[in-house]
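Engineer: Shown below is the structure under consideration.
Protein chains: 2
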Amino acid sequence: MSVSIPARSPGEFFAVIPAGGSGTRLWPLSRSQEPKFLLDLLGSGQSLLVDTVQRLEPFSTVDRVFVVTGGNHQDAVRKQVPSLPGQNVLVEPSPKNSAAAVGLAAFVLNHSNPDAVVGFFAADHVVAEEKAFQKVLATAIDAAKTGSLVTIGIAPTEPSSAFGYIKKGPALADHDDTHRVEEFVEKPSFIDAQRFVASENYLWNAGIFVGTVSAVVAAFLEFSPELGEPLSLIAQKLIAGEDFSPEWDALPAIAFDYAVAEPAAKQGRFLVVPGSFGWRDVGDFASLAQAQSAKQSSDVIVVGDAAKVHPHDSTGIVVGSSGRIITLLGVSDIVVVDTPDALLVTTKEHAQDVKQIVDHMKEQGLDDLL
Amino acid sequence: MSVSIPARSPGEFFAVIPAGGSGTRLWPLSRSQEPKFLLDLLGSGQSLLVDTVQRLEPFSTVDRVFVVTGGNHQDAVRKQVPSLPGQNVLVEPSPKNSAAAVGLAAFVLNHSNPDAVVGFFAADHVVAEEKAFQKVLATAIDAAKTGSLVTIGIAPTEPSSAFGYIKKGPALADHDDTHRVEEFVEKPSFIDAQRFVASENYLWNAGIFVGTVSAVVAAFLEFSPELGEPLSLIAQKLIAGEDFSPEWDALPAIAFDYAVAEPAAKQGRFLVVPGSFGWRDVGDFASLAQAQSAKQSSDVIVVGDAAKVHPHDSTGIVVGSSGRIITLLGVSDIVVVDTPDALLVTTKEHAQDVKQIVDHMKEQGLDDLL
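One line per chain: the protein sequences are A and B, in this order.
Take 9 as the starting number for the first sequence in this note's numbering and just add one per residue.
Take 9 as the starting number for the second sequence in this note's numbering and just add one per residue.
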């Protein structure tokens, strides 16, 4: 099936949502067939993906929203966002990390809308304060219209070692809410994270990038030609409705930050707009508990039917989707995840280690549970 | 239906198994409809009740075994021990603690077999070493034939405060394996238990009592006439097939130890045969783990399908009957009990407090889960 994206007026905004990653630290809640972005993780009544699409509505009606996802998730994406035009789901033949997903959308859009502005937004992040987010995004879009690449950096609320950081440079002379990026820093040690937060020069990298389509494409070709050149061909094939999986499968699997953002920043070509809008990448059960604690004042946070959970002298989080009664007695910082076919009992302290369990189960061939 | 128990030769042995109590500290494994004695608690392939009946076979063929149980459990008892004659299940109209259960069987037997010897054995205790048990029981039966009341006391292996104790006096002149009982002591404090064990004069009270039928009946009439007199009438009615529930319901609900054994011991009328045969009253999940630890060398004891349990850096016990995968990560001394309709997560330290949860659920009207 060929793809035909209508040309828009210059400066019109497109939103691209790379929807990959399975959220293995949230097993057994998230599974390879039902990853984090398809889950109603916060009990809001809809998935994080649908939250993300709705949050962008003031900027991009759904015909200007593209979701880049794997073949095994395209049906679920279409079902959750039925108003999304069929050709706006870009299907990756294989998972190739974020640079390939971002680049695929950019090169496809470049055929019809090189002068449009495009923003990239993770499908599985939480934004508590939508209005504040939209204000910051509007600033970023304005900055991108000058031809710069722009990211949104989150004012950190604690020295997390779970996120990458952005070191901000001086503010622009004419825009004090926009800074030059000095450096993108990968997930630091806790000690470094403490130093970063104390210095007030660092922001969390939320993986939000904005630029004109032509600027994004040019950055790929300049800083990562091993991706940019094949992606140019892949986009042509995709638009023509031809099979591009051999070229895709040969792409290097690297992160956009690493392939494009870091080298561009080193040449002073990246801007950052700082923002505070209750952003969270809920990557594990400890951060899920933290994200929910604002809404619940009890010692035990419940995601699911709270009437089924009976805590006694306990603290922690219970995620219940099996419908059974769950009784806790004298356990601290406990994590209980109760699904119809698998139960996990751990502690908040070990929340990050859940990934290792999943790796271990994979080695044991227990794929049907993953 | 009237009851007709054939007369046996004097000294023939009858076994009575009071099967009451629900084992609330083992919730949600044990339930009011499926109490501890009906469960295959140790994964042996049969229930504790069936274990108890089999253990007594060298002394009493099943036609000389009586089970005293509640109306809601009589069908399960008959199903688990199909060879048990119908009239050998004595049904209590209401739960009245152990004195009434013991007395009912004794007064019924007294009609046809006053010169027989009868032994009383809890339905839900564990005996690891059957041969050793049988040797001690044979000694106790011999001692009982002289007309004394006899108990079997367990040489304590640790200062448990979960069991009552028996203070043993001097050995009999002609039988150095049989002592006079000085005192029955109710569950002591841990400090007292330590003192008891250090003194080597105390034994665990396993609730095993042996005596001639006429001696047991006489002890009831002498030391607890408020039970003995109505039980005499109740037994007559039971044998005649008449309703005895009004008289039964008026009985005081007290323990046999308190009603008969303690006052008899105070008058020097009780003997004790010490024994060691891997006895356990598995009353909570901590003691269940301990009872199983002899068989399993792993850090996490599994009762159920061990292939379904995946422990990582964890210690404790998992009781799984729901068929789901159970994964533990970084939890210590944890207790996980996974049943189809209820899940309990606690620690060994809180094993005794499970009873309070059950009481709490009862107050909340959650009886269908109890």
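Where is the CB? At the ideal position from N, CA and C, for every residue including glycine.
Return the chain-ordered list of same chain residues with a C-beta closer than 6 Å to the C-beta of residue 77 of chain A, the five sequence neighbours on each side being excluded.
Structural biologist: Residue mapping note: residue 77 of chain A aligns to position 69 of the first sequence, counting from 1. Counting only Cβ-Cβ distances below 6 Å, and skipping sequence neighbours, we find 27 and 85.
Engineer: Does the segment 297 to 313 of chain B come close enough to the segment 44 to 60 of chain B that 3 or more CB-CB pairs lie under 8 Å?
Structural biologist: With a cut-off of 8 Å, the segment 297 to 313 of chain B and the segment 44 to 60 of chain B count as touching, because enough Cβ pairs lie within range.
Engineer: Which value, in whole angstroms, describes the spacing of the CA atoms of residue 243 of chain B and residue 216 of chain B?
Structural biologist: Your numbering for residue 243 of chain B matches position 235 in the second sequence. Your numbering for residue 216 of chain B matches position 208 in the second sequence. Answer to the nearest angstrom: the Cα atoms are 22 Å apart.
Engineer: Run through chain B and tell me which residues come within less than 9 Å of residue 350 of chain A, C-beta to C-beta.
Structural biologist: By 1-based counting over the first sequence, the position of residue 350 of chain A is 342. Here the neighbours are 332, 333, 334 and 335.
Engineer: Output needed for residue 369 of chain A: all residues of its chain with C-beta closer than 7 Å, excluding positions within five of it in sequence on either side, in chain order.
Structural biologist: The count along the first sequence starts at 1 and reaches residue 369 of chain A at position 361. Here the set comprises 377 and 378.
Engineer: Note down the Cα distance separating residue 12 of chain B from residue 120 of chain B, rounded to an integer number of angstroms.
Structural biologist: One-based indexing of the second sequence puts residue 12 of chain B at position 4. One-based indexing of the second sequence puts residue 120 of chain B at position 112. Each residue's alpha carbon lies about 8 Å from the other.
Engineer: Beta-carbon separation of residue 330 of chain A and residue 348 of chain A under 7 Å?
Structural biologist: To locate residue 330 of chain A, count along the first sequence from 1; it is residue 322. To locate residue 348 of chain A, count along the first sequence from 1; it is residue 340. The answer is yes: Cβ separation under 7 Å.
Engineer: For the segment 224 to 252 of chain A, enumerate the residues whose C-beta is nearer than 7 Å to any C-beta of chain B, in chain order.
Structural biologist: Residues: none.
Engineer: Determine the burial state of residue 206 of chain A: buried for a count of at least 16 other Cβ atoms within 10 Å of its Cβ, exposed for fewer.
Structural biologist: Taking the first residue of the first sequence as position 1, residue 206 of chain A is located at position 198. It counts as exposed.
Engineer: If you measure beta-carbon to beta-carbon, which residues of the segment 281 to 311 of chain B are closer than 9 Å to chain A?
Structural biologist: If the cut-off is 9 Å between Cβ atoms, the segment 281 to 311 of chain B has nothing near chain A.
Engineer: So which of B:201, B:185, B:154 and B:181 has the shortest CA-CA distance to residue 166 of chain B?
Structural biologist: Locating residue 166 of chain B in the second sequence gives position 158, where the first residue counts as 1. Looking at the Cα atoms, B:201 is the closest of the given residues.
Engineer: Nearest-angstrom Cα distance between residue 226 of chain A and residue 293 of chain A?
Structural biologist: As a working note, residue 226 of chain A is residue 218 in the first sequence. As a working note, residue 293 of chain A is residue 285 in the first sequence. Cα to Cα, the separation comes out at about 39 Å.
Engineer: Mind pulling the chain A residues with CB within less than 8 Å of residue 338 of chain B?
Structural biologist: Counting from 1 along the second sequence, the entry for residue 338 of chain B is found at position 330. Near residue 338 of chain B (Cβ distances below 8 Å), the residues of chain A are 354, 355, 357, 358 and 361.
Engineer: Quick check on residue 290 of chain A: does DSSP put it in helix, strand or coil?
Structural biologist: Mapped onto the first sequence, residue 290 of chain A falls at position 282. The answer is coil: DSSP assigns residue 290 of chain A none of H, G, I, E or B.
Engineer: CB-CB under 6 Å to residue 132 of chain A, same chain, minus the five flanking residues each way: which ones, in chain order?
Structural biologist: Counted from its first residue, the first sequence places residue 132 of chain A at position 124. Taken in chain order, the residues that qualify are 44, 45 and 56.
Engineer: Is DSSP giving residue 194 of chain B helix, strand or coil here?
Structural biologist: Translated into the one-based positions of the second sequence, residue 194 of chain B becomes position 186. Three-state DSSP puts residue 194 of chain B in coil, outside helix and strand.
Engineer: Counting only the same chain and skipping the five closest in sequence on each side, list residues whose C-beta sits under 8 Å from that of residue 302 of chain A.
Structural biologist: Taking the first residue of the first sequence as 1, we reach residue 302 of chain A at position 294. 136, listed in sequence order.
Engineer: Residues bridged to residue 100 of chain B by DSSP?
Structural biologist: Counting from one through the second sequence, the residue named residue 100 of chain B turns up at place 92. The partner list for residue 100 of chain B (beta bridge, DSSP) reads B:78.
Engineer: Hey, residue 161 of chain B and residue 174 of chain B: beta-carbon distance below 7 Å or not?
Structural biologist: Indexing the second sequence from 1 puts residue 161 of chain B at position 153. Indexing the second sequence from 1 puts residue 174 of chain B at position 166. Yes, they are a contact pair.
Engineer: In angstroms, rounded to a whole number, what distance separates the CA positions of residue 20 of chain B and residue 288 of chain B?
Structural biologist: Mapped onto the second sequence, residue 20 of chain B falls at position 12. Mapped onto the second sequence, residue 288 of chain B falls at position 280. In a straight line, the C-alpha of residue 20 of chain B is about 28 Å away from that of residue 288 of chain B.
Engineer: Mark residue 154 of chain B as exposed unless 16 or more other C-beta atoms lie within 10 angstroms of its C-beta, in which case mark it buried.
Structural biologist: Here residue 154 of chain B is taken as the residue at index 146 of the second sequence, counted from 1. Counting Cβ neighbours within 10 Å, residue 154 of chain B comes out exposed, since fewer than 16 surround it.
Engineer: Per DSSP, what kind of secondary structure is residue 184 of chain B in: helix, strand or coil?
Structural biologist: Working through the second sequence from its first residue, we reach residue 184 of chain B at position 176. It is coil, neither helix nor strand.
Engineer: Which chain A residues sit within Cβ distance under 7 Å of residue 377 of chain B?
Structural biologist: Residue mapping note: residue 377 of chain B aligns to position 369 of the second sequence, counting from 1. Per Cβ cutoff of 7 Å: 333.
Engineer: Quick check: residue 231 of chain B and residue 178 of chain B, are their CB atoms within less than 7 Å of each other?
Structural biologist: Taking the first residue of the second sequence as position 1, residue 231 of chain B is located at position 223. Taking the first residue of the second sequence as position 1, residue 178 of chain B is located at position 170. Contact flag unset, no.
Engineer: In the DSSP assignment, the beta strand (DSSP E) including residue 262 of chain A goes from what residue to what residue?
Structural biologist: Counted from its first residue, the first sequence places residue 262 of chain A at position 254. No beta strand (DSSP E) contains residue 262 of chain A, which DSSP labels as neither H nor E.
Engineer: Roughly how many whole angstroms lie between the Cα atoms of residue 352 of chain B and residue 224 of chain A?
Structural biologist: Stepping through the second sequence from its first residue, residue 352 of chain B is reached at position 344. Stepping through the first sequence from its first residue, residue 224 of chain A is reached at position 216. Rounded to whole angstroms, residue 352 of chain B to residue 224 of chain A spans 53 Å at the Cα level.
Engineer: Here's the rule I'm using: 16 or more other beta-carbon atoms within 10 Å means buried, otherwise exposed. How should residue 356 of chain B be labelled?
Structural biologist: By 1-based counting over the second sequence, the position of residue 356 of chain B is 348. Buried, since its Cβ has 16 or more Cβ neighbours within 10 Å.
Engineer: Quick one: which chain A residues come within Cβ less than 8 Å of residue 183 of chain B?
Structural biologist: Within the second sequence, the letter at position 175 stands for residue 183 of chain B. Going along chain A, no residue has its Cβ under 8 Å from residue 183 of chain B, so there is no contact; the nearest lies around 47 Å.
Engineer: Looking at C-alpha atoms only, which residue of B:341, B:71 and B:337 is the closest neighbour of residue 366 of chain A?
Structural biologist: For the purposes of this step, residue 366 of chain A is taken as the residue at position 358 of the first sequence. If we check each option's Cα against that of residue 366 of chain A, B:337 comes out closest.
Engineer: Using three-state DSSP, classify residue 350 of chain A as helix, strand or coil.
Structural biologist: Along the first sequence, read from residue 1 onward, the residue named residue 350 of chain A stands at position 342. Correct three-state label for residue 350 of chain A: strand.
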